[in-house]
Amino acid sequence: FGSSWLKGLHALASAVDEMQPVLPSSIHRDSAPSTARPPAGPPARPARPHARRAGHGVSGSCAALPIAAAVPCLLRQRRQRLRCRGGVPRAAVAAEETCVQGSLAYQADSVERSLKYVGVGSEDGVLVNSEGAKKTVPITNGRGRSWSLDEHGFTFVEDEPNVIDFYNERAICLEYYPACCKLVQKVTGASRVVAFYHTVRSHDSIAGARKRRKQGFPVENPAAAVHVDYSAACAQRQVRLMAKPPHQWPDPRPLLGFQPLVSSAEVDEYLQGGERWAIMNVWRNLSPEPVQRTPVALCDGSSTSLDSLVTFQTRAGRHSKEYYFSTYSEDHDWYYFPRARREEAIIVKNWDSAGEAFAKKACKERVPTTFALHTAFEDPNTRPDAPFRESMEVRTVVFF
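full-length UniProt numbering applies: residue 1 is where the sequence shown begins, and numbers increase by one.
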């Protein structure tokens with residue numbers, strides 16, 4: 001067979017694309033409410049340049065294959081290109097790029113899945129016994145799509161906040177916390193939502209030091225590691241902690257009052273009685289300018305498997321907390337919301353007692369995803385003079 005035959009394969013692949021554009025399995029269009037995932041195909045791999053063989057119009061990785069395998073190889077390459085353009089043919093893509101190649105900080109495959117330790121103190125502590133592994137992956141623009149906390153582990157909503165000083169802890173706890181609870185309750189339909197913690201993040205160390213003095217709690221750097229904020233054990237400990245007065249917590253929050261936010265009986269009902277509960281973050285840009293540096297990347301929770309998780313622990317005095325980090329997986333589907341505005345919010349699920357992967361037999365509900373891995377990343381399209389990101393995440397316990 002000559003080069004004309006191989007060129008014909010490209011034409012065939014193009015025709016298949018035009019007739020049946022392959023959508024990422026995690027995306028649910030507004031016009032397609034079905035939650036069924038299409039049959040899994042070969043794992044999509046990040047596109048990489050290949051040298052072309054003389055006399056052939058096929059990239060090197062496919063040209064080296066037997067003829068019988070060339071067609072599926074070409075189709076896999078074409079699917080990957082579609083995936084990085086939002087799952088539709090190029091003619092239907094808007095001028096703005098729908099995908100970027102981002103470098104994400106995973107854990108190396110050699111890292112044991114058993115408990116590890118993180119430096120004492122804040123979340124900016126030095127990691128111990130960890131080995132990072134940078135992986136460049138396609139991160140797709142999530143705007144214009146339909147997202148579900150149950151299906152994907154995160155959602156993106158329009159929500160204009162009240163005008164407050166986001167670097168004033170009293171204003172945050174007394175005014176912004178209730179607004180976040182109201183938003184999460186509206187989106188989830190939960191019976192009750194309780195906000196209990198927040199973190200302000202900025203890469204601008206000088207501004208951060210100034211604001212830290214003003215507000216009395218630390219300004220953290222953007223979390224540049226693929227992670228989830230709670231492990232299975234830590235999520236339950238957090239809910240039990242809600243039955244203690246906020247001024248007695250490991251990180252005291254006296255502004256929330258001196259009475260427990262949740263009764264012990266209610267905690268027992270949810271943890272032992274099988275009622276559904278969750279821990280969710282409300283992430284928001286604090287700046288009047290859209291986020292340009294270190295946006296948040298979110299992994300579709302339905303593309304995450306348990307065997308990629310690594311448990312890490314932080315210790316501060318007698319208190320400890322566990323997180324999940326992750327090793328790299330070709331199955332991970334990553335998304336982001338470029339140029340996020342203050343009037344927009346990302347709700348991220350850090351734990352769901354009804355998530356199929358961890359749900360107990362007594363749990364009365366089941367949903368596909370337990371959490372969504374997330375991380376900050378460097379957008380390659382960021383201008384050198386772009387302002388530093390300023391953002392806040394408020395953590396809430398959600399009772400259904």
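From the three backbone atoms N, C-alpha and C, an ideal C-beta is built for every residue, glycine too.
- Following the DSSP letters along the chain, one finds residue 201 inside the beta strand (DSSP E) bounded by residues 192-202.
- Inter-segment contact for the region 265-277 and the region 373-393 is absent: fewer than three beta-carbon pairs are separated by less than 8 Å.
- In the displayed model, residue 186 falls within a helix according to three-state DSSP.
- Of the candidates 319, 262, 219, 377, 377 places its Cα closest to the Cα of residue 337.
- Under the DSSP assignment, residue 234 falls in the alpha helix (DSSP H) whose first and last residues are 232-241.
- According to DSSP, residue pairing for residue 284 in a beta bridge involves 392.
- Contact holds between the region 389-396 and the region 180-189, because three or more Cβ pairs, one in each stretch, are under 8 Å apart.
- The straight-line gap separating the alpha-carbon atoms of residue 289 and residue 342 is approximately 8 Å.
- For residue 355, DSSP records a beta bridge to 367.
- Within its own chain, the residues whose Cβ lies closer than 6 Å to the Cβ of residue 171, once the five positions on either side in sequence are excluded, are 164, 165, listed in chain order.
- DSSP, read as helix, strand or coil, puts residue 315 in strand.
- Taking a cut-off of 8 Å on C-beta distances, the region 359-366 does not touch the region 302-318, as fewer than three cross pairs fall below it.
- A residue is called buried when at least 16 other Cβ atoms come within 10 angstroms of its Cβ; residue 222 meets this threshold and is buried.
- The C-beta of residue 201 has 16 or more other C-beta atoms within 10 Å across all chains shown, which makes the residue buried.
- In this structure, the alpha-carbon of residue 225 lies about 16 Å from that of residue 304.
- Cα atoms of residue 379 and residue 98: separation of roughly 13 Å, rounded to the nearest angstrom.
- Using a Cβ-Cβ distance cut-off of 8 Å, the region 282-297 and the region 339-354 are in contact, since at least three pairs of beta carbons, one from each stretch, lie closer than that value.
- Taking C-beta atoms as the reference points, residue 255 and residue 149 fail to come closer than 8 Å.
- Sequence-distant partners of residue 261 (beyond 5 residues in either direction) whose C-beta falls short of 6 Å from its own C-beta, in its chain, are 194, 242.
- Just so you know, the alpha carbons of residue 252 and residue 156 end up roughly 30 Å apart.
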